[in-house]
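Engineer: To get my numbering, take the position in the sequence shown, counting from 1, and add 1.
A single structure is presented below for examination.
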Amino acid sequence: MSFLNRVRELFAKPQKRRGPGRGRRVESLEDRTLLAATLNLTPAGSLNYGGSGVANNLTISFDGTNYTFTDTSEQINGIGGVTGLDTNPDPNIFTFNPTLAVPAITQIVINTNAGDDIITLDSMRTGGEGFDVRNDPAEGNDTININGDIGSDVDPVLANVLLRAETVNLNANIYVGGTADVRVEGPANLISDVEIIAIPDPTQAITFTGTINGPGGLIARAANMEFQSEIGGVSPVDHFEGTGHKLTVKDVTVTGDMTIVTDLLTLSPPLTTWTGGGTFAIAPFTPGGDMVLPQDQIAVFGFTALELGNADTNSITIVEDVLLPVDTTFTAATVNVNRQIDNGGAPTRFITNELNANFRIIGDGDLEVGGLVPTALLTINGQLGGNGWGNSNVSVMNGDGGVIFNNAFGSHVMNFTVDSAGDVEFTSAQAVNASGDISITSALGEGTITLPAGVQAPAGGINLDGVVELTGTGTFRVGAGSDFFAGGINANGNNVYIRGVGGAINLVDIFDVVGANLFRIDSSGGSTAVEVLLSSVDALDINVRALDIDLFGDLTAAANVSLIGNVGVDENVVITSGGASTNRIQIGGLIDAVDGDESLTLNGGVGRVILAGETGGTTPLVNFSVISGGSHYITQDITVSGMVSWNNSGQLVNRATITAPGGATLIGTPFINQGTIV
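In structure tokens form, the structure reads like this:
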């Protein structure tokens, strides 16, 4: 058969049917088109992602310029306002610059429809569109992963954030502004610590309809917040803060801290249990708000500290007995303790401008009171440490505003400390008492400490670091072996008594004393002090008894001066009595210079000068001068490196050895020398 005949035969044979095969390929292409997801920017600015009903695996990210939508389960077709903007050749990836989209995007809406879908947000733009994930019933078990922040604290998104799924995993923060809300429907897991902030509009809300579990923590702040299910019930959250005008919350379990700041707290159920391992804090939301304690509907367990109120709280009032067996802090402009506080041995702290201690605090935990506004006066009303109080340490601190105590300070306190950068004032006619040490500091020792009745620490020491202003008799009782210090005393004509209790005071150290009536340091000799340091004293009558008395300044009395003990002269000192014949200067021990360059003058006028011990026997004075009257006998040796002068208006008899290389001038009427003058 020729080639031509073979060609004719070929065309004459019936051809094989290939239609069904080609038809199947066409159908497959149509199916692929029908099953593709769509990304549609509507005229209203809503960027809608619609899945075709497969198990979508969608990831959304923003790189600073472009949005990228990636779905490993199906291709993505862009329509509407994003038509033609895709720059990625992969059909399953849609990448576009949102600034080129028309109209501008106001909301991203994800509706993957049927299937067990996974929606992951890795990042998105700040300051613009919100994020809305839809989930209808019976469409599968969907999971949302929020791995990148939605908005920022300085540039929040301005549309709603709505997350609906069978599982919501939060691994990043959400910030919405304007009037936008945040709503999470479905069980939520805090993969890491999360902040959800919806401010500043008073209509904004944060709502969780499902449970919230850890391990991360949650900070939520909005005007209106509603947590409809348990928090931390299966896996405790690390911490929880709910701050807003209205707050609805159920049981909460945290491993760390929990903070509630609200004006309108709704508990569901009415008796709610909050459990944690750190600090529990609760306060009003609106500045100037008030708190009334206790809150009987709340059961708090496991926390190691309680913080009640904050710097913006107007008042806290305790209206029923409370047991606070952990470290507790009350913070408000005014705190009213109208019922008993049992601290169970734990510290109790008040940060306030005014503490009204109208009822006792029992338990041995330390009590601290600090100024809320350091420049404002801290006022303490009511008796601290009265009958029935626990034997606790009490500390009071404030800044330049100072502190005033308007009632007695009772003895049922161990150690009492006041540290104020301003003045400190006690107004009660009763002495300040403590069974341990008392330390009061005013302006680093430069301020004033006003006392109507002195200070008593029968088993401890007294430290008054400031100038004491006495408005009544100042009686200071110091425990045996303890010390007394005062940065100065303005006695204002009142008596000053410093006495040991149960034994000798170890050290009495006083700067200038001005305007005292009777000035006494252990004048009875019942428990003679070990050492007394005096800068200067101005009083009607001075009587000091100690083993050693060190003088750093002049002593001036309108009547008598009695120093019973060895006297060390640390500066050039003048001791002056009233000068009348009935007055006296008496030194009942040895007299020595401390460094050898000091001089001493005793000016008794026409009164007596009585020296019971040797002068300069260990360390000579430079000069020693005496003015006296009446009949005097020098019976104790006097040694100086300079001059001795004794001018007596009556008979003066020397029966001792006087050593004065610079000369000795002894005048009496007459003067009789029965001793030795060198």
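Positions of the beta carbon are idealized from the N, C-alpha and C atoms, including for glycine.
These figures come from a predicted structure and were not determined experimentally.
State the start and end residues of the unbroken beta strand (DSSP E) segment that holds D551.
Structural biologist: From DSSP, the beta strand (DSSP E) with D551 extends over V538 to L552.
Engineer: Could you give the distance in angstroms between the alpha-carbon of D291 and the alpha-carbon of L159?
Structural biologist: Taking the straight line from one Cα to the other gives about 33 angstroms.
Engineer: Secondary structure at G569, three-state DSSP: helix, strand or coil?
Structural biologist: Correct three-state label for G569: strand.
Engineer: May I ask which residues mark the beginning and end of the beta strand (DSSP E) holding S582?
Structural biologist: Careful: S582 lies outside any beta strand (DSSP E) and carries neither H nor E.
Engineer: Tell me whether the beta-carbon of I439 lies closer than 8 angstroms to the beta-carbon of A422.
Structural biologist: Result no, Cβ atoms of I439 and A422 do not sit closer than 8 angstroms.
Engineer: In terms of DSSP beta bridges, what is D343 paired with?
Structural biologist: DSSP, once it has assigned bridges, lists L324 and I363 as partnering D343.
Engineer: Under 6 angstroms Cβ to Cβ from T329, same chain only, skipping five residues before and after it: list those, please.
Structural biologist: Only L307 and T349 meet the Cβ criterion.
Engineer: Can you name, in chain order, every residue of its own chain whose Cβ lies under 7 angstroms from the Cβ of R361, other than the five neighbours on each side?
Structural biologist: Once the five neighbours on either side are set aside, the close Cβ partners of R361 are Q341, G387, G389 and W390.
Engineer: Where are the beta strand (DSSP E) runs, 3 residues long or more, that stay fully inside the segment 414-480, in chain order?
Structural biologist: For the segment 414-480, whole beta strand (DSSP E) runs of length 3 or above, ordered along the chain, are 414-421, 425-427, 439-443, 449-452, 455-458, 463-466, 468-471 and 475-480.
Engineer: Please report the residue range of the beta strand (DSSP E) in which V509 lies.
Structural biologist: V509 -> beta strand (DSSP E) spans L508 to I511.
Engineer: Please report how far the alpha carbon of E355 lies from the alpha carbon of D420, in whole angstroms.
Structural biologist: Approximately 16 angstroms, taken between the alpha carbons.
Engineer: Would you tell me roughly how many angstroms separate the C-alpha atoms of T267 and A37, rounded to the nearest one?
Structural biologist: Cα to Cα, T267 sits roughly 47 angstroms from A37.
Engineer: Can you give me the Cβ contacts of G279 inside the same chain, cut-off strictly under 8 angstroms, excluding the 5 residues immediately before and after it?
Structural biologist: Excluding residues within five positions, the ones whose Cβ falls inside 8 angstroms are H240, V255, T256, G257, D258, M259, F304, T305 and A306.
Engineer: Determine whether the beta carbon atoms of G605 and G580 lie at a separation below 8 angstroms.
Structural biologist: In this structure, G580 lies closer than 8 angstroms to G605 by Cβ.
Engineer: Could you check whether V607 and S582 sit closer than 8 angstroms to each other, using their CB atoms as the reference points?
Structural biologist: It is a contact, given that the beta carbons lie within the stated cut-off.
Engineer: How big is the Cα-Cα spacing for R18 and Q76?
Structural biologist: Because R18 carries a pLDDT of 40, less than 50, the predicted location of this residue cannot be relied on, and the following value inherits that uncertainty. Each residue's alpha carbon lies about 33 angstroms from the other.
Engineer: Buried or exposed for I659, going by 16 or more other Cβ atoms inside 10 Å?
Structural biologist: Buried: at least 16 other Cβ atoms inside 10 Å.
Engineer: For F281, collect the residues of the same chain with a Cβ closer than 6 angstroms to its Cβ; drop the 5 residues on either side in sequence, then sort them by chain order.
Structural biologist: Around F281: M259, V301, F304 and L307.
Engineer: Can you say whether P270 is buried or exposed, counting buried as having 16 or more other CB atoms within 10 angstroms of its CB?
Structural biologist: With fewer than 16 other Cβ atoms within 10 Å, it is exposed.
Engineer: Pick helix, strand or coil for T100, following the three-state DSSP scheme.
Structural biologist: Three-state DSSP puts T100 in a helix.
Engineer: Which class does D596 belong to by DSSP, given the choice of helix, strand or coil?
Structural biologist: Of the three classes helix, strand and coil, the one that applies to D596 here is coil, per DSSP.
Engineer: Would you mind sorting P15 into buried or exposed? The rule is 16 or more other CB atoms within 10 Å of its CB.
Structural biologist: Residue placement at P15 cannot be trusted, given a pLDDT of 42 that sits under 50; the coordinates are not used to answer.
Engineer: Using the Cβ count rule (16 or more neighbours within 10 Å means buried), how would you classify L325?
Structural biologist: So L325 counts as buried.
Engineer: Among residues of its own chain, excluding the 5 on either side of Y634, which ones have a beta-carbon nearer than 7 angstroms to its beta-carbon?
Structural biologist: Closer than 7 angstroms at Cβ, skipping near neighbours: V654 and R656.
Engineer: Can you tell me where the beta strand (DSSP E) holding M125 begins and where it ends?
Structural biologist: No beta strand (DSSP E) contains M125, which DSSP labels as neither H nor E.
Engineer: Does the beta-carbon of E447 have 16 or more other beta-carbons within 10 angstroms, so that it is buried, or is it exposed?
Structural biologist: Exposed.
Engineer: Mark L265 as exposed unless 16 or more other C-beta atoms lie within 10 angstroms of its C-beta, in which case mark it buried.
Structural biologist: When all chains shown are included, L265 counts as exposed.
Engineer: Please look up how many angstroms separate the CB atoms of Y68 and F97, rounded, as I've assumed it's under 8 angstroms.
Structural biologist: So it is a contact: roughly 6 angstroms between Cβ atoms.
Engineer: From D555 to T472, what distance separates their C-alpha atoms?
Structural biologist: Using only the alpha carbons, I get a separation of about 24 angstroms.
Engineer: So T231 and T210 are in contact, right, with Cβ under 8 angstroms, and what is the actual spacing, rounded?
Structural biologist: The question names Thr, but residue 231 in the sequence shown is Glu. Going by Cβ atoms, the distance from E231 to T210 rounds to 12 angstroms, so no, they are not a contact pair.
Engineer: Excluding the 5 residues flanking N170 on each side, which residues of the same chain have their C-beta closer than 6 angstroms to its C-beta?
Structural biologist: For N170, where only same-chain residues beyond five positions count, the Cβ hits under 6 angstroms are N146, N190 and I192.
Engineer: Which residues does DSSP list as the beta-bridge partners of A334?
Structural biologist: Partner(s): none; A334 has no beta bridge.
Engineer: Which term fits E31, buried or exposed, when burial requires 16 or more other beta carbons within 10 angstroms of its beta carbon?
Structural biologist: Note on E31: pLDDT 38, under 50, position unreliable in the model; the coordinate value appears next. Flag for E31 reads exposed.
Engineer: Apart from the five residues on each side of it in sequence, which residues of its chain come closer than 7 angstroms, Cβ to Cβ, to G494?
Structural biologist: The residues are G516 and N518.
Engineer: To the nearest whole angstrom, what separates the beta carbons of A547 and V531, a pair I think is in contact under 8 angstroms?
Structural biologist: Yes, A547 and V531 are in contact; Cβ-Cβ is about 7 angstroms, under 8 angstroms.
Engineer: Just how far apart, CA to CA, sit T376 and G462?
Structural biologist: Rounded to the nearest angstrom, the two C-alpha atoms are 30 angstroms apart.
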